[in-house]
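Trainee: Please find one structure pasted underneath; my questions will follow.
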Ligand SMILES: Nc1ncnc2c1ncn2[C@@H]1O[C@H](COP(=O)(O)OP(=O)(O)OP(=O)(O)O)[C@@H](O)[C@H]1O
Ligand SMILES: [Mg+2]
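In this note's numbering, the protein residues as written are 2 to 248.
Structure below.
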């Protein structure tokens, strides 16, 4: 790998009541990758994301950054917003925690809000927004600190297909424009093939790498989505997932 960003070696996580979520996970994530993690429910995908984010500690193995690109952006499956605060305040929260002065954090929040296509909704509160819009607010909050690495845990699972496609395109565009490294957990083979440069499929619990699929570069658009190449790649990824689940 040209530019490794983080290397997971023999990574394991056993929870207190005995569940072995991960065991012997070896994986290197390269700078600038759009890496999707696919795998059966309960195989440890969220656990890996939390370990990489430093929100939890491994019980075996190690995580080596080359070097640590702080801050990281994290988007949870449920948009975790402050219900009483407007969009600007929600997006600006990480800056407030960093002690950035108000004028600057408002300016930077407004910039991030525009980047995710929410200009005009700065003063709306979460209950006035659709699920897709709330997810965009979460994404803006992850981007506002100029994070170079985004960790996304099934961010679009609860959205309708059209909204999901649109957010897929927006995310891919942001990844390209900002030179991000993205680690993306999804249950959707179609989404992972559309978005990623590489798909890593996990075994059933305890999770480790079952298969790796490299994807072609190039444009992602409606033409790609309806191409024979895309269909063939989806079949390969599906077969890898099925094999991992049967193993
Ligand atoms: N905080 C925790 N305490 C105890 N067990 C946990 C905890 N978090 C996860 N687990 C267990 O670890 C295993 C892996 O969980 P994890 O959430 O990482 O799976 P996942 O691959 O993200 O699943 P899904 O696709 O359903 O989101 C599961 O068996 C789960 O019950
Ligand atoms: Mg999960």
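Glycine included, every Cβ here is placed at the ideal spot set by N, Cα and C.
Look at the alpha carbon of residue 42 and the alpha carbon of residue 120, and state the distance between them as a whole number of angstroms.
Mentor: 36 Å
Trainee: With a threshold of 7 Å (Cβ to nearest heavy atom), would residue 177 be considered close to ligand 1?
Mentor: no
Trainee: For residue 48, is the beta carbon positioned less than 7 Å from some heavy atom of ligand 1?
Mentor: yes
Trainee: Are the beta-carbon atoms of residue 203 and residue 56 separated by less than 8 Å?
Mentor: no
Trainee: Within 7 Å: the Cβ of residue 186 and any heavy atom of ligand 2?
Mentor: Ligand 2 has a heavy atom closer than 7 Å to the beta-carbon of residue 186.
Trainee: Suppose you measure from the CA of residue 106 to the CA of residue 46; what does that come to, to the nearest Å?
Mentor: For residue 106 and residue 46, the distance between alpha carbons rounds to 32 Å.
Trainee: Which of the three DSSP states, helix, strand or coil, is assigned to residue 189?
Mentor: coil
Trainee: Quick check: does the Cβ of residue 27 come within less than 7 Å of any heavy atom belonging to ligand 2?
Mentor: No, ligand 2 has no heavy atom inside 7 Å of this Cβ.
Trainee: Quick one: what does DSSP say residue 176 is sitting in, helix, strand or coil?
Mentor: helix
Trainee: Verify whether the separation of the beta carbon atoms of residue 216 and residue 194 is less than 8 Å.
Mentor: yes
Trainee: Is residue 154 a contact residue of ligand 2, with contact defined as CB to any heavy atom under 7 Å?
Mentor: True, at least one ligand heavy atom lies under 7 Å from that Cβ.
Trainee: Write down the C-beta distance between residue 94 and residue 59 rounded to the nearest angstrom, noting that I regard them as a contact closer than 8 Å.
Mentor: At roughly 28 Å, the Cβ-Cβ gap does not stay under 8 Å, so residue 94 and residue 59 are not in contact.
Trainee: DSSP on residue 37, reduced to helix/strand/coil?
Mentor: strand
Trainee: Residue 81 by DSSP, collapsed to three states: which one?
Mentor: DSSP places residue 81 in coil when its eight states are reduced to three.
Trainee: Going by C-alpha distance, which of 171, 33 and 4 is nearest residue 180?
Mentor: Ranked by Cα distance from residue 180, the options 171, 33 and 4 are led by 33.
Trainee: I'd like the ranges of any alpha helix (DSSP H) spanning at least 4 consecutive residues and lying wholly in the region 188-247.
Mentor: 190-196, 223-226 and 229-247
Trainee: Which residues mark the beginning and the end of the alpha helix (DSSP H) in which residue 138 is found?
Mentor: DSSP places residue 138 inside the alpha helix (DSSP H), whose first and last residues are 132-144.
Trainee: Any heavy atom of ligand 1 within a distance shorter than 7 Å of the CB on residue 42?
Mentor: At least one heavy atom of ligand 1 falls within 7 Å of the beta-carbon of residue 42.
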